[in-house]
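K.L.:
Below you will find the structure I want to go over with you.
There are 2 protein chains.
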Amino acid sequence: MDILSNNKTVIERINQYLLNSIDPNMPPSLLKPIRYFLENPSKKIRPLLTLYSCGAFGRNLDDAIPAAAAVELFHDFTLVHDDIMDKDDLRRGKPTIHVKWDSGTAIMVGDALIGLSFQELTKSPPEKLGPVVKIFSEALVKVCEGQAMDKAFETTENVTIAEYMEMISKKTAWLFKASCEIGAVIGGGNDEEIAILSDFGKTLGLAFQIQDDLLDFVADESKLGKKVGSDFKMDKKTYITLKYREMLETTSQSENYSEHEVEDLKSLEEFSKRITELGVVKMVENYVDNLFQKSTDILDNLKVAYKSDLYSIAKSLERRQF
Amino acid sequence: MDILSNNKTVIERINQYLLNSIDPNMPPSLLKPIRYFLENPSKKIRPLLTLYSCGAFGRNLDDAIPAAAAVELFHDFTLVHDDIMDKDDLRRGKPTIHVKWDSGTAIMVGDALIGLSFQELTKSPPEKLGPVVKIFSEALVKVCEGQAMDKAFETTENVTIAEYMEMISKKTAWLFKASCEIGAVIGGGNDEEIAILSDFGKTLGLAFQIQDDLLDFVADESKLGKKVGSDFKMDKKTYITLKYREMLETTSQSENYSEHEVEDLKSLEEFSKRITELGVVKMVENYVDNLFQKSTDILDNLKVAYKSDLYSIAKSLERRQF
Chain A
1 MDILSNNKTV IERINQYLLN SIDPNMPPSL LKPIRYFLEN PSKKIRPLLT
51 LYSCGAFGRN LDDAIPAAAA VELFHDFTLV HDDIMDKDDL RRGKPTIHVK
101 WDSGTAIMVG DALIGLSFQE LTKSPPEKLG PVVKIFSEAL VKVCEGQAMD
151 KAFETTENVT IAEYMEMISK KTAWLFKASC EIGAVIGGGN DEEIAILSDF
201 GKTLGLAFQI QDDLLDFVAD ESKLGKKVGS DFKMDKKTYI TLKYREMLET
251 TSQSENYSEH EVEDLKSLEE FSKRITELGV VKMVENYVDN LFQKSTDILD
301 NLKVAYKSDL YSIAKSLERR QF
Chain B
1 MDILSNNKTV IERINQYLLN SIDPNMPPSL LKPIRYFLEN PSKKIRPLLT
51 LYSCGAFGRN LDDAIPAAAA VELFHDFTLV HDDIMDKDDL RRGKPTIHVK
101 WDSGTAIMVG DALIGLSFQE LTKSPPEKLG PVVKIFSEAL VKVCEGQAMD
151 KAFETTENVT IAEYMEMISK KTAWLFKASC EIGAVIGGGN DEEIAILSDF
201 GKTLGLAFQI QDDLLDFVAD ESKLGKKVGS DFKMDKKTYI TLKYREMLET
251 TSQSENYSEH EVEDLKSLEE FSKRITELGV VKMVENYVDN LFQKSTDILD
301 NLKVAYKSDL YSIAKSLERR QF
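Line order of the protein sequences matches chains A and B. Residues in the first sequence are numbered from 1 upward in steps of one, following this note's numbering. Residues in the second sequence are numbered from 1 upward in steps of one, following this note's numbering.
Written out as structure tokens, the structure reads:
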């Protein structure tokens, strides 16, 4: 019931298309790290959203394959550049590009992935190109804005939950949203239908990110494919740490715990234990469940094909352990 | 007779448009460095090429203003990321973004500039959007390929002049070419006319880059706005160093100078003196002159408006000292 087995044929089609899309005549110093990254399996959540959002309106999934490749390449770019900034050593279980090569190479690879993503996008049906490129370009700006907020939070004392939600709605949810919108536009959905799928993508993206924050503390490292606790290490503000502070400030706990509690709990293990005891983990788990539920409720308003596939993506993500 | 005074009104129009194009509600950690960069005056060569290539076919320059902004933002992105990789401290006379802020900020700013550039591009006349986005996306990939080659050359012993020319045709000349092509497409030129302007842009870009290599050795630092000799410092392969080696290898000089001559001449001053004495500087100057001449000869094949403005850009660049 996981995404990979549920969508095996489609994911293989995306992987095949992606690898074939890379020009083998690229300079080896660019080609090698790009292939290294693309050959590493991933869940292909965003391209699946694009394809099924296209198929939803009766159009052949193949018409959205270049756009699906585009959203995956876009996502890959964000990972490569984020890993440099976050100083992460592992990605999908393998050394990150800036570790295996160097930061300069990782910068270039990310840039090239943006270029390749737009190149793929331009292979979309010509009559849809205008709106599709607009959605995609806006997403790129918003994702950078989200990343900028995330980075600024590292040195900001009083980040609110609202600010955090704005950050992840840009950094993570926007590309989920854009992936659905682009598929729906190519598929030929009307404005209302596009808006519903857009809302579905956004809500799913928010659920996914907060779940990700949670997994950073509680996941099995070997399955996650990266170090557990890397958010903690970087003093990242996450939904968990903010909820924890909020709890300290608004309950009687505030008498017992200082405002700088998170900094005090230096060990990841100690912090994980504390947030479990205090019920923060449970509270965040419930919130994530509600968001996943909300995303599938949104789909109820649609009468389209591939609805069960979109529904099943949300359900599979809800159950993921890594 | 320089570009700034020749094109004062148009450059002011571009500057105004560019500054207004930046959403003031962006997160301050992104907005501040972007404004810092954009407020610094530049020659606006590429947007001028786009505007005049559009005007060439009788279309209002204003129709190409978003595309002109796009090519400038694209260029700015390359500068911001290149400066990180090249460890350059100064750009246009001011501290580079990765120095004034940090590398993470500079990576994000570059990424955001790509997003903003595509956003501007999508404001081009809708009927031209398809070809224009294709040219622009391809340029982004090619520029990254050029950058990758340039970086790889730093650790490659025997780079040929042909390889070097391929590198700069991607890293520098491609955006000159694309700037002209995009303008010509928006302007409504036919295929032959677009090809001529494309060829003009490419040749001008090659001339510009080799002249740039030359200026890195001989320019007045205060005018150049960055450190003289930064290519030398980074062991960059440039047209100058390659010509120098070629000369050592193919003339009787090879008896007197080792293959590792460039490494041996540790001081920039010593090297500058040597390449002047050997006639390398003169030889490269002549080659640059020929390329500029070739670019204006290409224009002779066109009977269009704004030809004198395009011609004058080439002539102004030919005479630049920084």
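We treat Cβ as the ideally placed atom computed from N, Cα and C, and that holds for glycine.
Please look up how many angstroms separate the CB atoms of residue 189/A and residue 56/A, rounded, as I've assumed it's under 8 angstroms.
P.N.:
Between residue 56/A and residue 189/A the Cβ distance is about 7 angstroms, and since that is below 8 angstroms, they are a contact.
K.L.:
Residues in the same chain with beta-carbon distance under 7 angstroms from residue 309/A, minus the five sequence neighbours each way, listed in chain order, please.
P.N.:
Contacts found: 52.
K.L.:
Whole angstroms are fine: how far does the CA of residue 316/B sit from the CA of residue 180/B?
P.N.:
17 angstroms
K.L.:
Where does residue 126/B land, buried or exposed, given buried means 16+ other C-beta within 10 angstroms?
P.N.:
exposed
K.L.:
Give a yes or no on whether 7 angstroms exceeds the smallest Cβ distance from residue 126/A to chain B.
P.N.:
Yes, its Cβ sits closer than 7 angstroms to a Cβ of chain B.
K.L.:
Using 7 angstroms as the limit for Cβ to Cβ distance, is residue 111/A near chain B?
P.N.:
yes
K.L.:
In the DSSP assignment, find the unbroken alpha helix (DSSP H) run with residue 283/B in it and report its ends.
P.N.:
280–299
K.L.:
In whole angstroms, give me the CA-to-CA distance for residue 281/B and residue 158/B.
P.N.:
Between residue 281/B and residue 158/B, the C-alpha separation is close to 21 angstroms.
K.L.:
Tell me, which residues are paired with residue 95/B by DSSP?
P.N.:
By DSSP's assignment, residue 95/B forms a beta bridge with 90/B.
K.L.:
Nearest-angstrom Cα distance between residue 162/A and residue 293/A?
P.N.:
21 angstroms
K.L.:
With distance defined between alpha-carbon atoms, name the residue in 174/A, 273/A, 12/A nearest to residue 136/A.
P.N.:
174/A
K.L.:
Relative to the C-alpha of residue 238/A, which candidate in 24/A, 304/A, 47/A, 214/A has its C-alpha closest?
P.N.:
214/A
K.L.:
To the nearest angstrom, how far is it from the Cα of residue 284/B to the Cα of residue 39/A?
P.N.:
44 angstroms
K.L.:
Find out if the Cβ-Cβ distance for the pair residue 14/A, residue 47/A is shorter than 7 angstroms.
P.N.:
yes
K.L.:
Pull up the distance between the alpha-carbon of residue 318/A and that of residue 169/A, whole angstroms please.
P.N.:
18 angstroms
K.L.:
Can you check whether the C-beta of residue 259/A is within less than 7 angstroms of a C-beta belonging to chain B?
P.N.:
Residue placement at residue 259/A is poorly supported in this model, since its pLDDT is 46, which falls under 50; the coordinates still yield a value, given next. Not closer than 7 angstroms to any Cβ of chain B, the Cβ of residue 259/A fails to qualify, so no.
K.L.:
Between the Cα of residue 71/A and those of 269/A, 132/A, 88/A, spot the shortest distance and give me the residue it belongs to.
P.N.:
132/A
K.L.:
Mind listing, in chain order, the continuous beta strand (DSSP E) runs of no fewer than 3 residues lying wholly within the stretch 15–84 of chain B?
P.N.:
none
K.L.:
Confirm, please, whether the CB-CB distance from residue 141/B to residue 106/B is below 7 angstroms.
P.N.:
no
K.L.:
Quick one, which of 301/A, 302/A, 287/A, 212/A has its alpha-carbon nearest residue 321/A's?
P.N.:
Shortest Cα-Cα distance from residue 321/A to any of 301/A, 302/A, 287/A, 212/A involves 212/A.
K.L.:
Do you know offhand how far residue 279/A's Cα is from residue 295/A's?
P.N.:
25 angstroms
K.L.:
Cα-Cα, which of 16/A, 313/A, 160/A, 36/A is closest to residue 176/A?
P.N.:
313/A
K.L.:
Against residue 134/B, what residues of chain A qualify as contacts under a CB-to-CB distance less than 7 angstroms, listed in chain order?
P.N.:
122
K.L.:
Among residues of its own chain, excluding the 5 on either side of residue 306/B, which ones have a beta-carbon nearer than 7 angstroms to its beta-carbon?
P.N.:
52, 55, 56
K.L.:
Can you pull out the residues from the stretch 3–30 of chain B whose beta carbon lies closer than 7 angstroms to at least one beta carbon of chain A?
P.N.:
26, 27, 29, 30
K.L.:
With distances taken between CB atoms, is the gap from residue 210/B to residue 288/B smaller than 7 angstroms?
P.N.:
Taking 7 angstroms as the cut-off, the beta carbon of residue 210/B is found closer than this to the beta carbon of residue 288/B.
K.L.:
Tell me which same chain residues have a C-beta within less than 8 angstroms of the C-beta of residue 298/B, skipping the five on either side of it?
P.N.:
196, 199, 200, 203
K.L.:
Got a sec? Which residues, its chain only, sit under 6 angstroms from residue 128/B by beta carbon, not counting five neighbours each side?
P.N.:
Annotation for residue 128/B: 185, 186 place their beta carbon closer than 6 angstroms to its own, counting only its chain and skipping 5 residues before and after.
K.L.:
Applying a beta-carbon distance threshold of less than 8 angstroms, which residues of chain A neighbour residue 151/B?
P.N.:
29, 104, 105, 108
K.L.:
At a cut-off of 6 angstroms, is residue 2/B close to the ligand MN when judged by its beta-carbon and the heavy atoms of the ligand?
P.N.:
Absence of the ligand MN is noted for the structure shown, with no ligands found whatsoever.
K.L.:
Consult DSSP for residue 10/A and reduce its assignment to one of helix, strand or coil.
P.N.:
If DSSP states are grouped into helix, strand and coil, residue 10/A belongs with the helices.
K.L.:
Would you mind stating whether residue 332/B and residue 29/A have Cβ atoms separated by less than 7 angstroms?
P.N.:
Residue coverage of chain B in this structure runs from 1 to 322, which leaves residue 332/B outside it and unanswerable.
K.L.:
Report the three-state DSSP secondary structure of residue 255/B (helix, strand or coil).
P.N.:
Note that residue 255/B scores a pLDDT of 47, beneath 50, so its modelled location is shaky and nothing firm can be said.
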